[in-house]
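Protein chains in written order, with our numbering: chain A, 28 to 214; chain B, 320 to 723.
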C-alpha cells in the first residue's frame, strides 16, 4: 500500500508541485486536496497518466460545511480499473461556490454535477446542461444546504416553517436551457 | 386517410413534415417506475432523448443527516427495493469501516448469502421484464414464480418480504431460523433448472433476438466513460467486479466466475444477468457449506444490543448502555469513508462524513441505477422508439434508486 501511495504522491507532486496537498490514506482511499481551478487538469492527468489511469469516475458530490469558511466542498471519487486503486479529490469552494466542470473528461460527470448543483447550488462552469435534476425547474433554494429549513419556510400554508424568505438565485429563471443529449447522431 | 393528405398537398410540393415531441411516462409500464422521457421524434426515429427524473425523490441523503446510524437502514431498503439486503450490507460496511470493527464471520456469511439471494431476486425481475417490454409476457410470470420463493426465504429470515432491514452495524439482527437450511437447499436444487427454462424460452425466440441482438450497443470504452457498472459494464466486455477485485466480507473465500460478454448489446446485458444468477447460486451453496457456528453480532454493548437480554435486567451498567443505545444511538469517530460493494445493479457506494456524533454529517449514496440511466445518452444505434424501450429495459434502472 505504501508503494502505491508514494508513487501516486510523487507523480502528482512532480506535475503540480505544492498545489495538490496529500491528505493521507484511509479505508482504502487515497485523499488529496486540490484548488478548484486545477481540478480539470488534475483529473485529466490522473486519467491519462500511463502509470495511474484513474479512468473511472465513481462519484461527484457536494458537501456543505456550514458555518465553516470556505463553506462548500466538491468531492470526487476516482477508481483505476487497471490498478484497482481508489482516490478522493476534495476541493474547498467559497460562497457562491463555483468550480470548472469535468464533463469534458468523463461524460458520466454530467448528472453527478447536475445533482450537486440542484442540491447545493455548486455552479459547474462549462457544464453543457446545468439544470436541476431532482427538484423541478423553478424551485427556489438548494435543499441539502445545512441552512435550508427542514420544515420549509413559513407562509399561510405552512405555519410550522422557518422564518425568512427562501434564498433566491436571480439568473435561475431567465437562464437559457441548453438542449439535452443526442440519442442518434447521424441519420 | 391518404385521400385527405393528397387533397391538402399542393401540386408539386413535398409532404410537409415536422418533428414530434413525445412524453413517454411518467406513468408508462415500460419505464419500470416513474421515469419521464421527453423524446423528439422524426417519424419513428428518436432524434433526441431527455430523461426527467426526480418524481420519486424522497431526500434520502438529507433525511439521513437527522437519523441515527441504525435508523438509516430502513432508508437504504427503499433505494433499490428489489434487493434491500445488499443496500443494507453496503451501508453497514461503510459504518463498520468508520468504527474500525468487523462483523463476526457467521454474520458475514449470512449477509453475503442474503445479498446473493437479493441479487437473484433483482436479476429475475429484469430477465422477465425485458421480454415483457418487448411483448413476451410468459417469461415474467415464470420469473415471478421463482421470485416468490426468494420472498418466502427472506420472510423466513427477517419476517418481511421486501424491506428486510436485517443488517445491523456489527452483524445481523438475528440468527437464521430453524428449518431454514433445508428450505434454501431445496431452492438451490430447483433454481438452476428454472434458469435453463428461461433460457430455453427466450434464447431461440426469433422475435426476442431480433429485438435485442445488435440493439443499443455500448462499447467498452464508452461504458467506462459513462460510468456504467455491474452487469451493464461487464456486458460491454469490461472485466470488473468489486466482489473479486476489492473483496469485502468473505468473498475472498468463495469461488465464482465473473461473467462478461463482448457484444455490449441488449441481449448481452440480458444474458449476463442470467449467467450471474447461476454464479449466485454457486455462492449461496458455498456459503451454506462453509458457514460456521458462532455469534451473529459483535459483543460491544455500546454498538449492538446484547444478545443475552438477562444482562440488561441484572446489571446497572448494561441497562444504561442499553438505554443510551436505544435513545441516542452510538457515536462514530470523526472521519470519512467511501465504501462500495457490487450491488445487483452495479457499484453501490456510500460516502459518509462523520463529525463524531451519532448521526452522519453527510451521507452520499452513489446509486448505480442513477449512473446507468445516463447511458441512454451514449447508446449510438437505437434509432427506433421501440428499440429505446429495449435499451431502457436492458439497462435495468430502478427508479427508487435513481431518485434516492
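We put the beta carbon where it would ideally sit given N, CA and C, even for glycine.
1. When you check each C-beta in the region 42-58 of chain A against every C-beta of chain B, which residues fall closer than 9 Å?
2. Quick one: measure Cβ to Cβ for residue 708 of chain B and residue 489 of chain B, integer angstroms, because I've assumed they're closer than 8 Å.
3. Here's a check: name, in chain order, each residue in its chain whose Cβ is nearer than 7 Å to the Cβ of residue 589 of chain B, leaving out the five neighbours to either side.
4. Determine the DSSP secondary structure at residue 163 of chain A, reduced to helix, strand or coil.
5. Which residue or residues does DSSP assign as beta-bridge partners of residue 682 of chain B?
6. Taking residue 472 of chain B and residue 436 of chain B to be in contact with their CB atoms under 8 Å, please state how far apart those CB atoms are, rounded to whole angstroms.
7. Taking only beta carbons into account, state which residues of the region 677-689 of chain B come closer than 8 Å to chain D, listed in chain order.
8. Excluding the 5 residues preceding and the 5 following residue 415 of chain B in the sequence, name in chain order all residues of the same chain whose CB lies nearer than 8 Å to its CB.
9. If I'm right that residue 425 of chain B touches residue 677 of chain B with Cβ under 8 Å, what's the distance once you round it to whole angstroms?
10. How about residue 693 of chain B: is its C-beta nearer than 7 Å to some C-beta of chain A?
11. Answer yes or no: do residue 393 of chain B and residue 484 of chain B have a C-beta to C-beta separation smaller than 7 Å?
12. Roughly how many whole angstroms lie between the Cα atoms of residue 686 of chain B and residue 109 of chain A?
13. Examine chain B for any beta-carbon lying closer than 7 Å to the beta-carbon of residue 134 of chain A, and answer yes or no.
14. DSSP beta-bridge partners for residue 88 of chain A?
15. Quick check: is the beta carbon of residue 197 of chain A nearer than 7 Å to any beta carbon in chain B?
16. Quick check on residue 523 of chain B: does DSSP put it in helix, strand or coil?
17. What residue range does the beta strand (DSSP E) around residue 340 of chain B cover?
18. Is there a Cβ from chain A that is less than 7 Å from the Cβ of residue 577 of chain B?
19. List, from N- to C-terminal side, the alpha helix (DSSP H) runs of 4 residues or more that fit wholly inside the region 483-547 of chain B.
20. Taking 7 Å as the CB-CB limit, is residue 559 of chain B close to chain A?
21. For the structure I just gave you, are there three or more beta carbon pairs, one from the region 574-591 of chain B and one from the region 545-559 of chain B, closer than 8 Å?
22. Assign residue 633 of chain B to buried or exposed, taking buried as 16 or more other Cβ atoms, counted over all protein chains shown, within 10 Å of its Cβ.
23. Residue 144 of chain A touches chain B at which residues, Cβ-Cβ below 9 Å?
24. Could you please give the first and the last residue of the uninterrupted beta strand (DSSP E) stretch that includes residue 661 of chain B?
25. For residue 141 of chain A, collect the residues of the same chain with a Cβ closer than 6 Å to its Cβ; drop the 5 residues on either side in sequence, then sort them by chain order.
26. So, with DSSP's three-state summary, where would you put residue 361 of chain B?
27. Looking at the structure shown, is residue 38 of chain A part of a helix, part of a strand, or coil, going by DSSP?
28. By the 10 Å Cβ neighbour count, where 16 or more other Cβ atoms means buried, how is residue 63 of chain A classified, buried or exposed?
29. So, is the C-beta of residue 416 of chain B closer than 7 Å to a C-beta in chain A?
30. Does the count of Cβ pairs from the region 136-150 of chain A and the region 98-109 of chain A closer than 8 Å reach three?
31. Please return the same chain residues whose Cβ sits closer than 6 Å to the Cβ of residue 638 of chain B, not counting the five positions on each side in sequence.
32. Just the C-alpha distance for residue 374 of chain B and residue 41 of chain A, rounded to the nearest angstrom, thanks.
33. What residue from B/579, B/540, B/566, B/694 has the CA that sits closest to residue 558 of chain B's CA?
34. Are residue 567 of chain B and residue 412 of chain B close, meaning C-beta to C-beta below 7 Å?
35. Buried or exposed for residue 30 of chain A, going by 16 or more other Cβ atoms inside 10 Å?
36. Residue 182 of chain A by DSSP, collapsed to three states: which one?
In short, the structure shows the following:
1. 53, 54, 55, 56, 58
2. Not really, about 44 Å apart at Cβ, beyond 8 Å.
3. 446, 449, 531, 713
4. For residue 163 of chain A, the three-state secondary structure derived from DSSP is coil.
5. B/671
6. 6 Å
7. The structure shown contains no chain D; its protein chains are A and B.
8. 421, 422, 488, 489
9. The pair is not a contact, with the Cβ atoms about 27 Å apart (cut-off 8 Å).
10. yes
11. Yes, the pair counts as a contact, with Cβ atoms nearer than the cut-off.
12. 23 Å
13. When Cβ-Cβ separations below 7 Å define contact, residue 134 of chain A makes contact with chain B.
14. A/102
15. Because the pLDDT of residue 197 of chain A is 46, which lies under 50, any placement of that residue in the model is unreliable, and the question is left without a value.
16. coil
17. 339-343
18. It does not; no Cβ of chain A falls within 7 Å.
19. 499-521, 525-531, 539-544
20. Yes - at least one Cβ of chain A is within 7 Å of the one on residue 559 of chain B.
21. yes
22. exposed
23. Ordered by position in chain B, no residue passes the 9 Å Cβ test against residue 144 of chain A, which lies about 13 Å from the chain.
24. 654-662
25. 160
26. Note: residue 361 of chain B maps to strand in three-state DSSP.
27. helix
28. buried
29. Interface residue, yes.
30. yes
31. 631
32. 47 Å
33. B/579
34. yes
35. Around the CB of residue 30 of chain A, fewer than 16 other CB atoms lie within 10 Å, so the residue is classed as exposed.
36. strand
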